[in-house]
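Report on the structure given below.
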Amino acid sequence: MQFYDVIKNRTSIKEFKNTIIDRDKVDRMINAAMMSPSWKNASDYKFIIVEDNAKKDIIASAVNNQTDEAGKSIKEAPMVVVVVADPDKSGEVDGKQYYLVDGAIAMEHFILAATEEGYGTCWIAALDEDVVKRALSIPEKYKVVGITPVGEIKQEKGHYAAKSAGEYVFHDSWNEAYVGNSKVLH
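Residue numbering for the sequence shown follows numbering that gives the first Met the number 0, beginning at 0 and increasing consecutively.
Listed below in structure tokens is the structure:
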């Protein structure tokens with residue numbers, strides 16, 4: 000797959016087949032995540048790969064969504080990845096906590112690599128962090144950045160309708176809509 004195809008093909012998937020994920024592919028996804036940039040090259044994030052069904056059930060119970068879709072996806076997926084980071088190691092500048100940025104970049108690298116490998120994912124961050132930390136014995140100093148179920152896609156899902164670049168992209172100043180080739184964002 001080419002880079003823009005990966006971007007185009009990445010959608011939030013919440014239904015998975017019950018198939019084992021190839022370890023070579025997992026290794027490539029991990030390597031992609033580990034190549035992500037981080038503030039001051041701190042690489043303050045850690046990944047926890049969860050395949051134990053009892054632990055996945057506990058993690059699913061920690062999800063705070065209006066529907067049960069995300070929790071069900073965690074239970075159904077053959078693998079769940081939990082990304083954590085150490086806020087003290089990454090630091091803070093002007094109120095911006097870089098552990099969130101660093102962890103999010105690493106997680107997105109992992110998610111895009113999973114897409115390249117043919118797997119679906121779904122970024123989940125609305126959760127009871129303490130429940131997840133207890134279930135996985137995560138040290139107190141770490142914060143959960145996000146969780147994603149990973150697995151073979153049960154049913155393909157398309158993107159939502161394309162958004163107008165002029166509503167989200169400005170040129171030279173706020174509210175000066177970017178006027179480019181509208182196909183750029185499709």
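Ideal Cβ placement from N, Cα and C applies to all residues, glycine included.
Beta-carbon contacts of residue i that lie in its chain and below 8 angstroms, excluding the five residues immediately before and after
i, result
"E166", "A176"
"A84", "D43, Y44, K45, Y98, L99, D101, G102, Y141, K142, V144"
"K74", "N52, K55, D56, A59"
Neighbourhood of residue i by C-beta, 7 angstroms cutoff - its chain only, sequence neighbours within 5 removed
i, result
"M34", "H108"
"V82", "Y44, F46, G102, A105, M106, V144, G145"
"A134", "K54, I57, I58"
"D127", "A61, N63"
"A124", "G145"
Classification of residue i by the beta-carbon crowding that lies within 10 angstroms, buried from 16 upward
i, result
"P36", "exposed"
"S172", "exposed"
"A61", "buried"
"I110", "buried"
"I19", "exposed"
"E155", "exposed"
"S136", "exposed"
"A31", "buried"
Cβ shell of residue i (< 6 angstroms), same chain only, five flanking positions each side left out
i, result
"K182", "Caution is warranted here: a pLDDT of 44 is assigned to K182, below 50, making its placement in the model unreliable, and the coordinate value is therefore given only provisionally. If we look at K182 and ignore the five residues flanking it on each side, it has no Cβ neighbours."
"E50", "M78"
"S11", "C121"
"G70", "A59, V62"
"V131", "I58, A61, V143"
Residue i versus the options, residue with shortest Cα-Cα distance
i, options, result
"K16", "D67, A76, D4", "A76"
"D129", "M78, E115, P138, W38", "P138"
"I48", "D67, M28, T66, K39", "M28"
"E68", "A161, Y3, T147", "T147"
"E91", "S72, A124, A112, A41", "A41"
"D87", "Y118, K39, K132, G117", "K39"
"V80", "S89, F169, Y118", "Y118"
"D23", "K7, A113, K95", "A113"
"S72", "D21, N174, V149, K13", "K13"
"E151", "Y3, D21, F2", "D21"
"H158", "F2, D93, R9", "R9"
"A160", "Q96, H170, K7", "K7"
Three-state secondary structure assigned by DSSP to residue i
i, result
"I73", "helix"
"K153", "coil"
"K24", "helix"
"A176", "strand"
"I6", "helix"
"V144", "strand"
**Sequence ranges, alpha helix (DSSP H) only - wholly within the segment 68-128, length at least 4** = 68-75, 86-89, 97-115
**Prompt:** Which ranges does the beta strand (DSSP E) cover as unbroken runs of at least 3 residues, wholly within the segment 34-67, from first to last along the chain?
**Reply:** 44-49
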